Amino acid sequence: HLRKKLGTDQFADVGPIKLGTAFVDQNRCLPWAMDKPCIVCEENCPLSPKAIYTEECFNTVRDGILTVKKATDNTVEVEETLLPDKFATGDYYCAAEGDERRKIAENTENTIVISSGEQFEKIPAAGSKIEVQVRLQRPLIDIEKCIGCGVCEHECPVSGRKAIRVSAENETRSADRKLLLKH
1 HLRKKLGTDQ FADVGPIKLG TAFVDQNRCL PWAMDKPCIV CEENCPLSPK
51 AIYTEECFNT VRDGILTVKK ATDNTVEVEE TLLPDKFATG DYYCAAEGDE
101 RRKIAENTEN TIVISSGEQF EKIPAAGSKI EVQVRLQRPL IDIEKCIGCG
151 VCEHECPVSG RKAIRVSAEN ETRSADRKLL LKH
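Here it is, written out as structure tokens:
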């Protein structure tokens with residue numbers, strides 16, 4: 001029975017048994033809806049290769065366009081007031097004009113410190129603008145791989161209605177619920 005469930009040996013042409021398919025609700029998912037880093041569903045997907053994969057993007061945070069007061073190759077003092085250590089999680093980057101974005105190691109109420117080894121090649125000039133950006137990994141579902149096990153939904157940290165939910169769509173036992181056309 002295990003070979004049939006896994007879709008191996010003589011059952012390889014039909015593939016694994018699917019209970020359904022997971023769908024990401026982009027209006028509730030932390031990286032999609034709120035620009036908050038989270039990859040819990042992808043980390044907990046038990047399949048190999050994983051049915052949940054991520055797409056990386058960088059978004060400028062709210063009030064994240066800042067004016068440079070003075071800068072060195074690894075610090076930027078800004079005119080605006082920052083919440084100390086808000087950008088010290090490892091998910092935040094500083095983007096300066098004409099330079100690659102650099103990972104933020106820490107911040108005080110008016111200074112951003114760049115991670116060691118990521119110094120600016122071109123030091124931002126006084127009066128220029130920098131952007132504080134958050135690195136997001138937005139989850140996507142490979143519906144050909146997803147078997148609808150529900151681990152992702154169970155582990156999702158969003159309270160109430162989860163940001164990733166499994167439905168009976170694409171379940172093996174019902175041709176009426178098929179999502180993919182045969183090639």
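According to the UniProt record's numbering, the stretch in the sequence shown is residues 1 to 183, in order. For each residue, glycine too, the CB sits at the ideal point set by N, CA and C. Values in this document were obtained by computation on a predicted structure and should not be read as measured data.
{"query": "Buried/exposed call for K18, threshold 16 Cβ in 10 Å", "result": "buried"}
{"query": "Length of the line joining the Cα atoms of I123 and N74", "result": "8 Å"}
{"query": "Beta-carbon gap between V166 and G64 smaller than 7 Å", "result": "no"}
{"query": "Between the CA atoms of P157 and E83 - distance to the nearest angstrom", "result": "A quick correction: the sequence has Leu, not Glu, at residue 83. Those two C-alpha atoms are separated by around 25 Å."}
{"query": "Opening and closing residue of the alpha helix (DSSP H) in which E144 lies", "result": "Per DSSP, E144 belongs to no alpha helix (DSSP H) and is neither H nor E."}
{"query": "Complete runs of the alpha helix (DSSP H) confined to the segment 91-166 [at least 4 residues]", "result": "151-155"}
{"query": "Pick from I130, P139, G150, T72 that is closest to T116, judged by C-alpha positions", "result": "Correcting the residue type first, residue 116 is Ser in the shown sequence and not Thr. Selected option, being the one with the closest Cα: T72."}
{"query": "CA-to-CA distance, L136 to L47, given in whole angstroms", "result": "22 Å"}
{"query": "Outcome for Q26 when other beta-carbon atoms lying within 10 angstroms are tallied against a minimum of 16", "result": "exposed"}
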